[in-house]
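Colleague: One structure, pasted below without further comment.
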Amino acid sequence: MYYLLFGLLYLVSLLPLRVLFVLSDIVYFIIYKIFRYRKKVVLHNLSIAFPLKSETEKEAIASKFYRNFTDTFIETIKYISASQAYIKRHCDGDFSLVHDLYKQGRSIQVLAGHNFNWELVNLAVAPSLPGKVMAVYLPLNSEAFERLFRYIRTRFGTILINAKRMKEEMLPHRGTQYVIGLVADQSPGVPSRANWVQFFGRPTGFLKGPENAARRNDYPVVFIHFTKKKRGFYTAHAELATDNAAALPEGQLTKLYVKYLERVMTEHPELWLWSHRRWKHEWKPEYGKIIE
0 MYYLLFGLLY LVSLLPLRVL FVLSDIVYFI IYKIFRYRKK VVLHNLSIAF
50 PLKSETEKEA IASKFYRNFT DTFIETIKYI SASQAYIKRH CDGDFSLVHD
100 LYKQGRSIQV LAGHNFNWEL VNLAVAPSLP GKVMAVYLPL NSEAFERLFR
150 YIRTRFGTIL INAKRMKEEM LPHRGTQYVI GLVADQSPGV PSRANWVQFF
200 GRPTGFLKGP ENAARRNDYP VVFIHFTKKK RGFYTAHAEL ATDNAAALPE
250 GQLTKLYVKY LERVMTEHPE LWLWSHRRWK HEWKPEYGKI IE
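Numbered per numbering that gives the first Met the number 0, the sequence shown spans residues 0 to 291.
If you want it as structure tokens, here you go:
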């Protein structure tokens with residue numbers, strides 16, 4: 000199954016991007032206009048994040064989101080065969096902050112969100128950063144697609160770390176210097192073990208793992224997000240969250256990350272993954288105090 004899928008998509012990836020965007024327009028029309036894929040979830044999330052926006056405004060954001068969603072899917076197919084020069088042309092950014100931190104001899108944690116197009120930025124960032132670059136990911140349920148995405152994501156040097164086996168897979172890298180990236184805005188699988196923070200005015204659980212690792216290892220932490228210049232072309236933006244994670248009170252790094260997400264999502268709401276059920280868990284007193 001994998002080889003059939005890979006072969007078919009590899010041939011599709013050889014098409015010019017302008018042709019692939021015609022396919023993206025067709026997919027957009029089908030999932031947004033006909034099947035209305037997760038539209039209730041998208042509009043519900045937008046209502047939580049932007050309660051003062053009118054229904055017309057939220058519908059406009061949703062429409063732009065679906066276009067970016069389908070563009071990201073189609074662009075990712077292109078990355079199966081795209082050269083490193085192609086990737087560099089389609090994603091730029093100033094990573095001097097990470098280089099400066101790396102020169103201090105310390106490993107660095109980079110935190111992103113589900114902000115389009117994270118697949119492209121992964122491919123662009125790895126050759127741009129010093130030393131070993133690792134990315135934590137959740138494996139897909141489909142074996143064929145899991146192999147396909149592992150192939151795409153590791154093409155230019157990124158080392159993938161399975162989030163479900165993180166302790167074991169990090170062992171070979173212990174004592175070495177690296178840059179490790181995480182997309183850390185997923186809804187936690189076990190809400191009672193989450194850090195609970197006000198996110199767009201609603202108590203929301205966030206994974207504890209990134210903060211715990213940063214404080215334990217005293218990583219400098221860099222936040223990163225991406226903006227879209229035009230179809231297929233993106234810019235990565237990096238900023239320092241802290242250069243001394245171990246000195247932060249418990250929960251503070253998570254709070255800083257949440258405030259960062261709120262800012263970039265408000266500035267470019269059409270670029271976030273609104274189809275994800277981010278607020279599916281409700282806070283309960285037994286989960287502990289909400290971080291202020």
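From the three backbone atoms N, C-alpha and C, an ideal C-beta is built for every residue, glycine too. Since this is a predicted model, take the numbers as computed values, not measurements.
Three Cβ pairs or more, each shorter than 8 Å: is that satisfied between the stretch 81 to 99 and the stretch 53 to 71?
Modeller: Cβ pair count under 8 Å is below three, so no.
Colleague: Tell me the rounded alpha-carbon separation between K63 and E269.
Modeller: Cα to Cα, the separation comes out at about 5 Å.
Colleague: To the nearest angstrom, how far is the alpha carbon of L147 from that of I79?
Modeller: Each residue's alpha carbon lies about 9 Å from the other.
Colleague: For T241, count neighbouring C-beta atoms within 10 Å of its own C-beta (all shown protein chains included) and say buried if the count is 16 or more, exposed if not.
Modeller: So T241 ends up on the buried side.
Colleague: In the stretch 177 to 204, which residue ranges form an unbroken beta strand (DSSP E) of at least 3 residues, counting only runs that do not cross its ends?
Modeller: Whole beta strand (DSSP E) segments, 3+ residues: 177 to 182 and 194 to 198.
Colleague: Can you grab the Cα-Cα spacing for the pair N67 / F115, in whole Å?
Modeller: Approximately 7 Å, taken between the alpha carbons.
Colleague: I'd like to know whether the C-beta atoms of E238 and V220 end up nearer to each other than 8 Å.
Modeller: For E238 and V220, no; Cβs fall outside 8 Å.
Colleague: Looking at N194 and G112, is the spacing between their C-beta atoms short of 8 Å?
Modeller: For G112 and N194, no; Cβs fall outside 8 Å.
Colleague: From what residue to what residue does the alpha helix (DSSP H) around F68 run?
Modeller: Run containing F68: E54 to K77, per the alpha helix (DSSP H) assignment.
Colleague: Identify the continuous alpha helix (DSSP H) that holds N211 and give its terminal residues.
Modeller: Start and end: G208 to N216.
Colleague: So the alpha helix (DSSP H) G92 belongs to, where does it begin and stop?
Modeller: Per DSSP, G92 belongs to no alpha helix (DSSP H); it is in the beta strand (DSSP E), C90 to G92.
Colleague: Please name the residue in W282, R164, F232 and Y286 whose C-alpha comes closest to that of T71.
Modeller: For T71, the nearest C-alpha among the options comes from F232.
Colleague: For the beta strand (DSSP E) that contains H280, what are its first and last residues?
Modeller: Neither: H280 is in no beta strand (DSSP E) and is coded neither H nor E.
Colleague: Work out the CA separation of L19 and I29 for me, nearest whole Å.
Modeller: Approximately 15 Å, taken between the alpha carbons.
Colleague: Going residue by residue through the stretch 85 to 159, where are the continuous beta strand (DSSP E) segments of at least 3 residues, counting only ones entirely within it?
Modeller: Listed in chain order, they are 90 to 92, 107 to 111 and 131 to 136.
Colleague: Can you give the Cα-Cα distance for L45 and F199, rounded to whole angstroms?
Modeller: Roughly 10 Å between the two C-alpha positions.
Colleague: For L206, which option in K57, R277 and T75 has the closest C-alpha, if you only look at C-alpha atoms?
Modeller: The option with the nearest alpha carbon to L206 is R277.
Colleague: Ordered along the chain, which non-local residues of its own chain (more than five positions away) have a Cβ less than 6 Å from that of A48?
Modeller: For A48, where only same-chain residues beyond five positions count, the Cβ hits under 6 Å are F199.
Colleague: From this set, S23, V178 and A235, which residue's C-alpha is nearest P129's C-alpha?
Modeller: Here the closest residue by C-alpha is V178.
Colleague: In the DSSP output, which residue or residues are listed as bridge partners for I223?
Modeller: Per DSSP, A237.
Colleague: In the structure shown, what three-state DSSP assignment does N161 receive?
Modeller: Strand.
Colleague: With a cut-off of 8 Å on the beta carbons, I'd call L181 and R214 a contact; round off their distance for me.
Modeller: In fact, because the Cβ distance is near 14 Å, the residues do not count as touching under 8 Å.
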